[in-house]
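In this note's numbering, the protein residues as written are 3 to 374.
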């Protein structure tokens, strides 16, 4: 639980969308264990998730994914009020939806001496930015000057920010998974259909509809869909409707699952597929690779950092169901020895530096730079 005024190293108020909180909880606990007083500001997505946040005394401040002015303004007022009451040493922001709005608030509104930290899980644009994305990128560059520490999960985002002279402390954080994923035994290719698993939010931006189109009518495959859309997600996808229109037994809908169930679903799969249009450094891909499961991903930031085409999986163009179908066919038709080689390469590719303990060590080192 929160350590109140006896905290040794300072108070940290994490601000994140409700759907991101579950994956961030190990970080919150790690900081508590290392002398920080930690609280969380996020939307109350469910009573179950809220109860799990009890050790961090959560504050119900929902950040909308769609930046509607009246909703954003009300949210910022609540956040400033909470910060002025609790007086955190560090305000730690997660996701572009949060960071692009909070950092416009003048410093004079915040508690004196409070420092701003931003984990760039993935910018809200791709490189090189074009059209509307250029405005977002320019805003990020301006707001970097208002940020005391920027932590990057993606080396691509970090390199681009350094090359464009973003004026802040820019540090590599990376992304990693718990040791339980590395404890899973890589399995040989199943003798039945190729078991394909998708793990993520059920939204069009994740390429779910492309994946469904890619496997439609493809013999010898079965698709497992894990996850759900959030109430505030734009362009959600209904997995039940997808399954209803598919051939019987070819699409399995799992919905939201807990971590033990997720590990079992991945353990039973032959390949993970994430055909997303935009990513940070996807944890689902790291989890699958750590478990020794080859992956099929799109050629976007984060995914191409993790997957070496033909070595630990396949990389295809985004928004290309035909190319995705060919990659899944190749995976289905791999000889057993070749699949085993790819499985071994999958685990080896993340064995160094992609464990959660590595990420936490880098987090602690970066925070030390801000201490007096």
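Every residue gets a Cβ at the ideal spot worked out from N, C-alpha and C, and that includes glycine.
Please read these numbers as outputs of a predicted model, since none were measured by experiment.
Neighbourhood of residue 344 by C-beta distance below 8 angstroms, restricted to the same chain and skipping five residues each side:
If we look at residue 344 and ignore the five residues flanking it on each side, its Cβ neighbours are 296, 313, 314, 315, 336.
For residue 289, count neighbouring Cβ atoms within 10 angstroms of its own Cβ and tell me buried if that reaches 16, exposed if not.
By the neighbour-count criterion, in which 16 or more other beta carbons inside 10 Å mark a residue as buried, residue 289 falls on the buried side.
Just list the residues that DSSP pairs residue 117 with in beta bridges.
In DSSP, residue 117 forms a bridge with 92.
Please name the residue in 86, 58, 23, 203 whose C-alpha comes closest to that of residue 48.
For residue 48, the nearest C-alpha among the options comes from 23.
C-alpha gap between residue 108 and residue 93, whole angstroms:
Going by the C-alpha atoms only, they are around 14 angstroms apart.
Sub-8 angstroms separation of residue 242 and residue 255 beta-carbons
For residue 242 and residue 255, yes; Cβs fall inside 8 angstroms.
Which class does residue 39 belong to by DSSP, given the choice of helix, strand or coil?
Residue 39 falls in the strand class under three-state DSSP.
Touching or not, the region 179-196 and the region 150-166, by the rule of three or more beta carbon pairs under 8 angstroms?
With a cut-off of 8 angstroms, the region 150-166 and the region 179-196 do not count as touching, because too few Cβ pairs lie within range.
Close Cβ partners of residue 357 (< 6 angstroms) along its chain, the five nearest in sequence each way excluded
Closer than 6 angstroms at the Cβ level, and outside the excluded window around residue 357, lie 178.
Classification of residue 229 by the beta-carbon crowding that lies within 10 angstroms, buried from 16 upward:
So residue 229 ends up on the buried side.
Beta-carbon spacing of residue 373, residue 11 below 8 angstroms
Yes.
Name the DSSP beta bridge partners of residue 174, please?
Per DSSP, 154.
Excluding the five sequence neighbours on either side, which residues of its own chain have a C-beta within less than 8 angstroms of the C-beta of residue 103, listed in chain order?
Residues of the same chain with a CB within less than 8 angstroms of the CB of residue 103, apart from the 5 flanking positions on each side, are 65, 69, 74, 77, 78 in chain order.
Just list the residues that DSSP pairs residue 346 with in beta bridges.
None; residue 346 has no bridge partner.
Tell me the rounded alpha-carbon separation between residue 348 and residue 144.
Going by the C-alpha atoms only, they are around 38 angstroms apart.
Assigned secondary structure, residue 302 (DSSP; H/G/I helix, E/B strand, else coil):
Of the three classes helix, strand and coil, the one that applies to residue 302 here is coil, per DSSP.
If contacts are defined as beta-carbon pairs under 8 angstroms, then residue 279 and residue 207 qualify, I think. What distance do you get, rounded to the angstrom?
Right, their Cβ atoms sit about 5 angstroms apart.
Own chain residues within Cβ distance below 7 angstroms of residue 223, not counting five before or after
If we look at residue 223 and ignore the five residues flanking it on each side, its Cβ neighbours are 195, 196, 198, 217, 330, 334.
Across the region 257-273 and the region 80-89, are there enough close Cβ pairs to call them in contact, namely three or more that are closer than 8 angstroms?
Flag = no, the region 257-273 and the region 80-89 do not touch.
C-alpha gap between residue 157 and residue 250, whole angstroms:
Cα to Cα, residue 157 sits roughly 42 angstroms from residue 250.
Less than 8 angstroms between the beta carbons of residue 303 and residue 128, yes or no?
In this structure, residue 128 lies closer than 8 angstroms to residue 303 by Cβ.
What three-state label does DSSP hand residue 319 in the structure shown?
If DSSP states are grouped into helix, strand and coil, residue 319 belongs with coil.
Cβ neighbours of residue 186 in the same chain (closer than 8 angstroms, five flanking residues each side left out):
Taken in chain order, the residues that qualify are 265, 268, 269, 292, 293, 294.
Quick one: what does DSSP say residue 294 is sitting in, helix, strand or coil?
For residue 294, the three-state secondary structure derived from DSSP is coil.
Could you check whether residue 16 and residue 26 sit closer than 8 angstroms to each other, using their CB atoms as the reference points?
Yes, these two residues count as a Cβ contact at 8 angstroms.
Here's the rule: buried if 16 or more other CB atoms are within 10 angstroms of the residue's CB, otherwise exposed. What is residue 183?
So residue 183 ends up on the buried side.
What is the residue span of the beta strand (DSSP E) that residue 224 lies within?
Its beta strand (DSSP E) spans residues 223-228.
Return helix, strand or coil for residue 356, following the three-state DSSP convention.
Here residue 356 sits in coil by DSSP.
With distances taken Cα to Cα, identify the nearest neighbour of residue 112 among 91, 120, 130.
Residue 91 holds the alpha-carbon nearest to the alpha-carbon of residue 112 among 91, 120, 130.
Tell me whether the beta-carbon of residue 205 lies closer than 8 angstroms to the beta-carbon of residue 233.
No, Cβ-Cβ distance for residue 205 and residue 233 is not below 8 angstroms.
Euclidean distance between Cα positions of residue 170 and residue 106
Those two C-alpha atoms are separated by around 15 angstroms.
Nearest by alpha-carbon distance to residue 98: which of 319, 152, 277, 133 is it?
For residue 98, the nearest C-alpha among the options comes from 152.
DSSP-derived helix/strand/coil call for residue 127:
Secondary structure at residue 127: coil, using DSSP grouped into helix, strand and coil.
Are residue 209 and residue 300 close, meaning C-beta to C-beta below 8 angstroms?
Result yes, Cβ atoms of residue 209 and residue 300 sit closer than 8 angstroms.
Assign residue 139 to buried or exposed, taking buried as 16 or more other Cβ atoms, counted over all protein chains shown, within 10 Å of its Cβ.
Under this definition residue 139 is a buried residue.
Reduced DSSP secondary structure (H/G/I, E/B, other) of residue 258
Residue 258: coil per DSSP, three-state reduction.
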